[in-house]
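145 is the number that the working numbering gives to position 159 of the sequence shown; each next residue is one higher, with no gaps.
Structure, as structure tokens:
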Amino acid sequence: VGGPLLGGFITDASWLGWRWCFFIAVPFTLLASVILARTLHLAEVRRPETKVDYLGASLIAAGVSLLLLWVTFVGTDFDWISWQTGLMVGGSVLILGAAVLVETRVTEPVVPMHVVRRRDPALAIVASLAVGMAMFGGAVFLGQYFQIGRGYSPTEAGLLTIPLMAGVLVSSTVAGRLVSKTGKVKPFIVAGVIVLALGFLGLSFIDHRTSLVLVSLGMLGVGVGVGMSMQNLVLVLQNTVPLSEIGAASGAITFFRSLGGTMGVSVLGAVL
């Protein structure tokens, strides 16, 4: 909830500027690291035989980065059907194909392919990809809508996105408690996806004259939908893998959710 507000204030402040929106993350990250190091006490299980999959991680990063660069520049710097498109998309496919080959052969893969191949984890990952696109894409372009389309300042735009962030905060907390009480996850995920779709459906009709109340209701629906589904999808994945694979599986679904957010912003920006 505080992110857009703080970002808007920093952008508007003459003695700071938009670059500090990135710098400000450094002290918060350091503070969080110190707090976790001093308060989080977990049993350490040393595995000296474990090797980090640097090759797989590098290939995945390179393939995804090349694909995102294509999405960013296509339609503006070069045509959709062009040699640049063929080179970048083809190169991305080849690199990611090599990454899949590496991940199937190493003992400690970054993305465990045997988990991804199973039905429930695969569906949870695909859904997280879509939720990431919805959440990050919506947050970015709603801010631009308020500033460019409605003429509000960055601080005011941050205030106007409170319904979106509040919806995420409240619904994720309530849904988590209800899941713990009932032991059922699927109904909350399905309901969250429906509410999310309805929220975006409402936002698809807005323009610069739309009442802010209606815009807020659409944002609230998106936030509630994301909050009900996002963390519960992680829970589904964690419940379908052995205890020894929870770390890798959780990392995989978080990676794909972040990838969805990055792709969502790039794709929506290309459409605009």
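For each residue, glycine too, the CB sits at the ideal point set by N, CA and C.
I'd like the list of long-range same chain contacts for residue i, defined as Cβ closer than 6 Å, with 5 residues on each side in sequence excluded.
i    : result
G207 : V181, L184, G185
T226 : D106, P107
I81  : L45, A48, G49
I132 : The amino acid occupying residue 132 in the given sequence is Phe; Ile does not appear at that position. Result list for F132: Y138, A143, L146, in chain order.
A161 : F174, M214
V210 : G153, S157, V181
So, for residue i: in the same chain, excluding its five sequence neighbours on each side, which residues have a beta-carbon less than 7 Å away from its beta-carbon?
i   : result
L2  : I(-4)
V92 : D39, G42
G77 : L52
Quick check on DSSP: helix, strand or coil for residue i?
i    : result
F191 : coil
V60  : strand
L45  : helix
W69  : helix
H100 : helix
V92  : coil
W1   : coil
M128 : Reading off the sequence, residue 128 comes out as Leu, not Met. Three-state result, L128: helix.
E35  : coil
R136 : coil
V227 : coil
G211 : helix
Using 8 Å for Cβ pairs, my map puts residue i next to residue j. What's the rounded Cβ distance?
i    : j    : result
V75  : L245 : The pair is not a contact, with the Cβ atoms about 16 Å apart (cut-off 8 Å).
Q224 : S236 : 6 Å
P98  : A234 : 5 Å
I263 : L115 : There is simply no residue 263 to check, as the chain begins at -13 and stops at 258 in what is shown.
A252 : L128 : The question names Ala, but residue 252 is Ser in the sequence shown. Contact doesn't hold; Cβ gap of about 17 Å is too wide.
Skipping 5 residues on each side, what residues in its chain have a beta carbon closer than 8 Å to that of residue i?
i    : result
V102 : A108, I111, A238
V165 : V171, F174, N218, L221
W69  : none
* Asked: Is the segment 145 to 155 touching the segment 198 to 205, taking contact as three or more C-beta pairs under 8 Å?
  -> Verdict: yes, contact present.
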